[in-house]
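Going by the UniProt record's numbering, the sequence shown opens with residue 1, and the numbers climb by one from there.
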Amino acid sequence: MPGVIGLSTYAFFWRWHAETNPRPIDLHDMLDRTADLGAPLFQICDYPLVEGYDPARLRAHADRRGVTLELGTRGTAPDHLARYLSLARALDVTLVRSMLTTDRDDAVAALREALPAYERAGVTLALETYEKVPTATLVEVVSTVDSPALGICLDPANCVAALEHPTETVTKTAAWVRNLHVKDFAFTRRDGWVGFTLAGCPLGEGLLDYAAMVAAVRPAGRGINQVIEHWLPWQGDSATTCALEDTWTATNLETLRSWNP
Numbered sequence: 001m002p003g004v005i006g007l008s009t010y011a012f013f014w015r016w017h018a019e020t021n022p023r024p025i026d027l028h029d030m031l032d033r034t035a036d037l038g039a040p041l042f043q044i045c046d047y048p049l050v051e052g053y054d055p056a057r058l059r060a061h062a063d064r065r066g067v068t069l070e071l072g073t074r075g076t077a078p079d080h081l082a083r084y085l086s087l088a089r090a091l092d093v094t095l096v097r098s099m100l101t102t103d104r105d106d107a108v109a110a111l112r113e114a115l116p117a118y119e120r121a122g123v124t125l126a127l128e129t130y131e132k133v134p135t136a137t138l139v140e141v142v143s144t145v146d147s148p149a150l151g152i153c154l155d156p157a158n159c160v161a162a163l164e165h166p167t168e169t170v171t172k173t174a175a176w177v178r179n180l181h182v183k184d185f186a187f188t189r190r191d192g193w194v195g196f197t198l199a200g201c202p203l204g205e206g207l208l209d210y211a212a213m214v215a216a217v218r219p220a221g222r223g224i225n226q227v228i229e230h231w232l233p234w235q236g237d238s239a240t241t242c243a244l245e246d247t248w249t250a251t252n253l254e255t256l257r258s259w260n261p
């Protein structure tokens, strides 16, 4: 079954961010915006408030709008992963993204305890590439556990902060990828040319080698969903930032669709 293109809570970050937005939107609003843009997938990622929602009501809303859900959290503690598996089953979710927050040996032990339940439920756990865990270590954990319910969520931009080249991240993880986070990024000089800032940019305008990533991972042939995220810098005020975020979400979705006819 071919993968689909969807949106993440990170595509609406400044819209739901209560610390900066005086009128933050909620998950039902994000679902509606996703459906209105014609995206069939919405990943609820790093949004702990989801644990306080009525899963039956949230799933019914997603079903009405024709949107499939995925989940995202952090950590590998067995009790935490069990809670998210329970939530995944209630929401008819088949992929949960997480991140390693402990060392290799503890992660392997925790995953070996947690994953049999994921296997029985037909739910995949995808561990994301990011700067606090060397890509080689992440691959070692996944290959050592060797579960059909375990894979990698690939986001090559995240590893740049650890001086890992995006191309190397893609090459090392390609065989294990079960989910793609798609966001573009670029370096810009700081004022006075003192250092650089690494931040997001509209898809197709930065350093993400999307063609090479897709050639290595083959998402269409392997049923891997592609989820749009942003690293949109704060623009000085909520209204301006949210307006630009809306533009990025719509145009990045249009761009990604054009690359996947």
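No residue lacks a Cβ here, since even glycine has one placed at the ideal position from N, Cα and C.
N- and C-terminal bounds of the beta strand (DSSP E) containing residue i
i: T197; result: 196-201
i: E70; result: 68-72
i: R97; result: 95-98
Which of helix, strand or coil DSSP assigns to residue i
i: D184; result: strand
i: G122; result: coil
i: L232; result: coil
i: V4; result: coil
i: R178; result: strand
i: R112; result: helix
i: R190; result: coil
Residue i to residue j span [Cα, whole Å]
i: A35; j: G72; result: 19 Å
i: W234; j: L253; result: 21 Å
i: G151; j: L180; result: 11 Å
i: T171; j: L125; result: 20 Å
i: V93; j: L58; result: 12 Å
i: A109; j: A243; result: 45 Å
i: A118; j: V160; result: Residue identity differs from the one stated: residue 118 is Tyr in this sequence, not Ala. Using only the alpha carbons, I get a separation of about 31 Å.
i: L95; j: F185; result: 25 Å
i: L127; j: N158; result: 13 Å
i: P55; j: R178; result: 24 Å
i: R97; j: E168; result: 21 Å
i: F111; j: P134; result: First, the residue type needs correcting, since residue 111 is Leu and not Phe in the sequence shown. So the alpha carbons of these two residues sit roughly 18 Å apart.
i: A251; j: L81; result: A quick correction: the sequence has Thr, not Ala, at residue 251. C-alpha separation (whole angstroms): 34 Å.
i: L91; j: L69; result: 7 Å
Presumed contact (8 Å Cβ cut-off) between residue i and residue j, rounded CB distance
i: M30; j: F13; result: Contact flag wrong, Cβ pair sits at about 10 Å.
i: A121; j: R83; result: No, A121 and R83 are not in contact; Cβ-Cβ is about 13 Å, not under 8 Å.
i: L232; j: G200; result: 5 Å
i: P156; j: P166; result: 4 Å
i: T255; j: G204; result: 5 Å
Limits of the alpha helix (DSSP H) - the one that residue i falls within
i: C242; result: 238-259
i: V170; result: 166-173
i: T222; result: One detail in the question is off: residue 222 reads as Arg in this sequence, not Thr. That run of the alpha helix (DSSP H) goes 219-222.
Checklist line | Continuous beta strand (DSSP E) assignments of at least 3 residues falling wholly in the region 11-79 | finding: 41-45, 68-72
Next item on the list: Only counting runs of 3 or more residues, tell me where the beta strand (DSSP E) segments fall wholly within the region 121-160, in order along the chain.
Entry: 124-128, 150-154
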